[in-house]
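Engineer: The working numbering numbers the first residue of the sequence shown as 13 and each following residue consecutively. Ideal Cβ placement from N, Cα and C applies to all residues, glycine included. Please read all numbers here as calculations on a predicted model, not as lab measurements.
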Amino acid sequence: MEKMTKSKTRRESTPIKVYCLPEERDLIAANAKAAGKSVSSFLLAVGQGYQITGVVDAERVREMARISGDLGRLGGLLKWWLTDDARTAKFTPETIRVVLSKIDESQVELGNIMAKVIRPRLDK
Numbered sequence: 013m014e015k016m017t018k019s020k021t022r023r024e025s026t027p028i029k030v031y032c033l034p035e036e037r038d039l040i041a042a043n044a045k046a047a048g049k050s051v052s053s054f055l056l057a058v059g060q061g062y063q064i065t066g067v068v069d070a071e072r073v074r075e076m077a078r079i080s081g082d083l084g085r086l087g088g089l090l091k092w093w094l095t096d097d098a099r100t101a102k103f104t105p106e107t108i109r110v111v112l113s114k115i116d117e118s119q120v121e122l123g124n125i126m127a128k129v130i131r132p133r134l135d136k
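#1: List in chain order: all unbroken beta strand (DSSP E) runs of 3+ residues lying wholly within the segment 65-135.
#2: Closer than 7 Å by C-beta to residue 92: which residues in its own chain qualify, once you throw out the five before and the five after it? Chain order, please.
#3: Nearest to residue 86 by CA position, among 111, 104 and 76, is which residue?
#4: Assuming residue 41 is part of the alpha helix (DSSP H), what are its boundary residues?
#5: Do residue 65 and residue 41 come within 8 Å of each other at the CB atom, strictly closer than that value?
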């Protein structure tokens with residue numbers, strides 16, 4: 013009967029110590045939290061050259077979905093007006109300018125929320 017060899021676990025291996033200032037440690041901890049990882053697993057992944065992807069804030073994703081829906085509805089109204097349908101005859105050029113303005117505002121709002129998702133550290 014052969015004896016099974018036990019493979020060494022990470023806990024049984026020698027740890028790597030890194031000396032850092034308190035603010036550097038805080039930054040590393042914040043980056044790990046943003047990535048949804050512990051400091052240890054974050055540093056292990058970064059040290060092995062893995063690209064770290066952050067956890068996207070679900071609330072911001074809902075906001076982006078809402079704004080995207082608003083843009084779709086406004087675009088649909090504009091397209092409907094451009095078809096020269098008899099029901100859109102009551103839409104004045106001013107009404108269309110308001111719709112276009114709302115589309116612009118929604119695009120800016122969507123861009124701001126996307127920036128917060130992409131660069132979460134700027135919120136703090």
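Structural biologist: The relevant details are as follows:
#1: none
#2: In the sequence shown, the residue the question calls residue 92 occupies position 80. Counting only Cβ-Cβ distances below 7 Å, and skipping sequence neighbours, we find 100.
#3: Residue 86 sits at position 74 when you count from the first residue of the sequence shown. Nearest option by C-alpha distance: 111.
#4: Taking the first residue of the sequence shown as 1, we reach residue 41 at position 29. Counted as a single uninterrupted DSSP element, the alpha helix (DSSP H) harbouring residue 41 occupies residues 34-46.
#5: Against the sequence shown, residue 41 aligns to sequence position 29. Against the sequence shown, residue 65 aligns to sequence position 53. No, the Cβ-Cβ distance between residue 41 and residue 65 is not below 8 Å.
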